[in-house]
């Protein structure tokens, strides 16, 4: 990962699924992921990055997954969706749908709830929001490198955005899988870097 980074055009920070029911061991249905999030210390790092974006007048966009109370927005067409339906978590207003303390949205932040789908671009107006703000580069953070990060990256690239991933601001359920996905997949379609390098590139 190179230490020098150039950000193309105007950038936005996307914080994906940093909610108690996803990344906090006391609530999460994904204990291995929660463990990796804690061990890698990504939440405080993302919070520092978000503060830097706000200081530069750049948008911070939160992309939580929040389902209807009756879960009618979930179709069990995948294992992860079937498990969500079975356990009935991440409902609107539920404790597990809440943000982790470090990443509660600020008043100036943008929140785009996702009731269905596996990535931040599906079921939301994320793309339209980015285009209205003349965003050229998206900086992706959060979880997980198993599913959402590759999906968000591929979609963003297909839509014409430059993608930057501070690797120390994301995690997967398994450290080996995380490493392989970052090094063998994500680096082919995104600029892999660090939170420190992104902050330096903001100027």
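Residue numbers (the numbering used here): 1015 to 1217.
All C-beta atoms, glycine included, are put in the ideal place defined by N, C-alpha and C.
Keep in mind that this is a model prediction, so the values were computed, not measured.
For residue 1020, the secondary structure class from DSSP, reduced to helix, strand or coil, is coil. Under the three-pair Cβ rule at 8 Å, the stretch 1119-1137 does not count as touching the stretch 1034-1041.
Excluding sequence positions up to five before and after residue 1209, its CB lies within less than 7 Å of the CB of 1059, 1062, 1063, 1180, 1182 and 1183, all in the same chain and listed in chain order. Following the DSSP letters along the chain, one finds residue 1075 inside the beta strand (DSSP E) bounded by residues 1074-1077. According to the DSSP secondary-structure assignment, residue 1105 is paired through a beta bridge with 1081. Around residue 1066, the same chain offers 1212, 1213 and 1216 as residues with beta carbons nearer than 8 Å, after the five sequence neighbours per side are excluded.
Taking a contact to require three or more Cβ pairs closer than 8 Å, the stretch 1168-1175 and the stretch 1145-1158 qualify as touching.
Residue pairing by DSSP puts residue 1176 in a beta bridge opposite 1151. Note that the stretch 1095-1106 does not touch the stretch 1192-1201; fewer than 3 beta-carbon pairs, one per stretch, sit closer than 8 Å.
For residue 1128, there is no enclosing beta strand (DSSP E), as DSSP gives it neither H nor E. Relative to residue 1077, the option among 1164, 1191, 1021 and 1157 whose CA is nearest is 1157. For residue 1060, the enclosing alpha helix (DSSP H) has its first and last residue at 1056-1069. In this chain, residue 1213 is not harboured by any beta strand (DSSP E); it is covered by the alpha helix (DSSP H) spanning 1209-1216. Bounds of the alpha helix (DSSP H) holding residue 1141 are 1140-1146. Collapsing the DSSP output to three states places residue 1116 in a helix. Residue 1119 places its beta carbon 7 Å or farther from that of residue 1081. Selection 1187, 1106 and 1122 evaluated against residue 1027 yields 1122 as nearest (Cα-Cα).
Here residue 1035 carries a helix assignment [DSSP, helix/strand/coil]. DSSP lists 1179 as the bridge partner or partners of residue 1206.
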